[in-house]
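See below for the structure under consideration.
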Amino acid sequence: MTTAEMTSSRLEELLGADGASLLTHECKTIPASNLHLPGPDFIDRVFTDTDRPVNVLRNLQWLHNSGRLTGTGYVSILPVDQGIEHSGGASFAPNPLYFDPENIVKLAIEGGCNAVASTVGVLGAVSRKYAHKFPFIVKLNHNEFISYPNAYDQIAFGSVRKAWELGAAGVGATIYFGSQESRRQIVEIAEAFEEAHRLGMFTVLWCYLRNSAFKVDGVDYHTAADLTGQANHLGVTIEADIIKQKLPETNGGYTALNQNGSYGKTNKLVYEKLTTDNPIDLTRYQVANCYLGRAGLINSGGASAGETDLQEAVTTAVINKRAGGMGLISGRKAFQRPMDEGIGLLNAIQDVYLSPEVTIA
């Protein structure tokens, strides 16, 4: 698919029944004029006013000037760390080609991505061949699923120094906000991000929620706009340059959790004025918590569901872009299929951001 093919009719076809409403929705919660929106001058317009060292600005500019989205202010990132987060078998059995780190990097490059995000082992295996040609993002911590019983805790698998030595342009990390381990993780990653900036690398934070209590009366609030928004706000507080967040699927997490006792603080205006049930409005609230877009919001492409992957990926991209987000980070939908199909899916995501038909709501 080429950019020229991503017309309104093609988009509506890919988006399905909700296509027309997603493409025409007008956001009346937080005006787009209040946001720091992606654009060709984003680094100059937003980041040169920050405390980031000049080498961080250079690497951020390199990120924005790579791949098919070069010069747009949007980013498309291929993340492949599921070999640890799940297992090598669970991740790569559908396509064993990707047990080889070089094929992961090739998919990102040939798929037109701005960068590849993966483990220190994957990127270290091919760093001398690719790190000077294409932006690497080293994921510093992971949750491993070989310990018994399985548990959820992000632990360090590599150091900021090692990421810098193998030539990474940026580092990434996950914090499980809301978990018992989150306070330790916040301190660890805040210190890691400070060191990464000092060494000239930009920072990407996976701002995920994790607590069994976030499921109330059969509703899962791990993707609630109000809770994920606050996770984003904590992420930018420790100077994450880019926030990765799951697309919001519901709202009212604070309200639900307060039914069984006192939990956190919110304001009724969050639900009466700043959000609606529309997914674009819910995602805009996530953007608002990223300092109104001063830190770019990239949403997750999610797990591979097979035949519906293309529709889901394009839908997420449309919602993210129209909300004022900066792009998409999509892995399993791309690498758990033949490489040519994975490239096509990544290109379809990028075409959303290249298409003038998809405007800011």
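For the sequence shown, the working numbering gives the first residue as 954, with consecutive numbering after it. A virtual CB, placed ideally from N, CA and C, is assigned to each residue, including glycine.
Delimiting residues of the alpha helix (DSSP H) encompassing residue i
i	result
Lys-1199	Careful: Lys-1199 lies outside any alpha helix (DSSP H) and carries neither H nor E.
Ile-1272	1262 to 1276
Lys-1218	Segment: none, Lys-1218 is in no alpha helix (DSSP H) and carries neither H nor E.
Asn-1300	1292 to 1307
Lys-1082	1080 to 1083
Leu-976	972 to 977
Leu-1187	1178 to 1190
Lys-1315	Residue coverage of the chain in this structure runs from 954 to 1314, which leaves residue 1315 outside it and unanswerable.
Pro-1054	1054 to 1063
Ser-1135	1135 to 1152
Pro-1232	1232 to 1241
Tyr-1207	1206 to 1210
Opening and closing residue of the beta strand (DSSP E) in which residue i lies
i	result
Val-1069	1068 to 1072
Thr-1127	1123 to 1130
Leu-1162	1155 to 1162
Val-1311	That residue, Val-1311, is in no beta strand (DSSP E); it is neither H nor E in DSSP.
Leu-1281	1280 to 1282
Phe-1089	1089 to 1092
Asn-1252	1249 to 1253
Residue i, buried or exposed, once every other Cβ within 10 Å from all chains shown has been counted against 16
i	result
Ser-1165	exposed
Val-1240	buried
Lys-1226	exposed
Lys-1221	exposed
Thr-1072	buried
Tyr-1101	exposed
Gly-1295	buried
Thr-955	Caution applies to Thr-955, whose pLDDT of 45 falls short of 50 and renders its modelled position unreliable; the model cannot decide the point.
Gly-1249	buried
Gly-1217	exposed
Ala-957	Model confidence at Ala-957 stands at a pLDDT of 45, short of 50, so the residue's coordinates are unreliable; what they give is reported in the following sentence. Counting Cβ neighbours within 10 Å, Ala-957 comes out exposed, since fewer than 16 surround it.
Pro-1309	exposed
Thr-1269	buried
Thr-1190	exposed
Glu-1265	buried
Pro-1201	buried
Integer-rounded CB distance, given that residue j should sit under 8 Å from residue i
i	j	result
Val-999	His-1017	Going by Cβ atoms, the distance from Val-999 to His-1017 rounds to 11 Å, so no, they are not a contact pair.
Gly-1277	Ala-985	6 Å
Asn-1231	Asn-1252	Actually they are not in contact, since the Cβ atoms of Asn-1231 and Asn-1252 sit about 15 Å apart, beyond 8 Å.
Ala-1126	Ile-1090	About 10 Å separates the two Cβ atoms, so there is no contact after all.
Ala-1109	Phe-1146	At roughly 13 Å, the Cβ-Cβ gap does not stay under 8 Å, so Ala-1109 and Phe-1146 are not in contact.
Leu-968	Val-1271	7 Å
Leu-1162	His-1175	5 Å
Pro-1047	Gln-1289	4 Å
contact_flag[the region 1009 to 1019, the region 1154 to 1161] where n(CB pairs < 8 Å) is 3 or more: yes
contact_flag[the region 1199 to 1216, the region 1161 to 1180] where n(CB pairs < 8 Å) is 3 or more: yes
The region 1051 to 1071 / the region 1001 to 1010 touching (three or more Cβ pairs under 8 Å): no
The region 989 to 997 contacting the region 1029 to 1038, beta-carbon criterion three pairs below 8 Å: no
Meets three-Cβ-pair contact criterion under 8 Å: the region 1104 to 1121 and the region 1018 to 1032: no
At least three beta-carbon pairs within less than 8 Å, the region 1126 to 1134 to the region 1062 to 1080: no
Cβ contact check for the region 1058 to 1066 and the region 1292 to 1308: 3 or more pairs under 8 Å: yes
Minimum length 4: unbroken alpha helix (DSSP H) runs contained in the region 990 to 1062: 995 to 999, 1007 to 1017, 1035 to 1038 and 1041 to 1045
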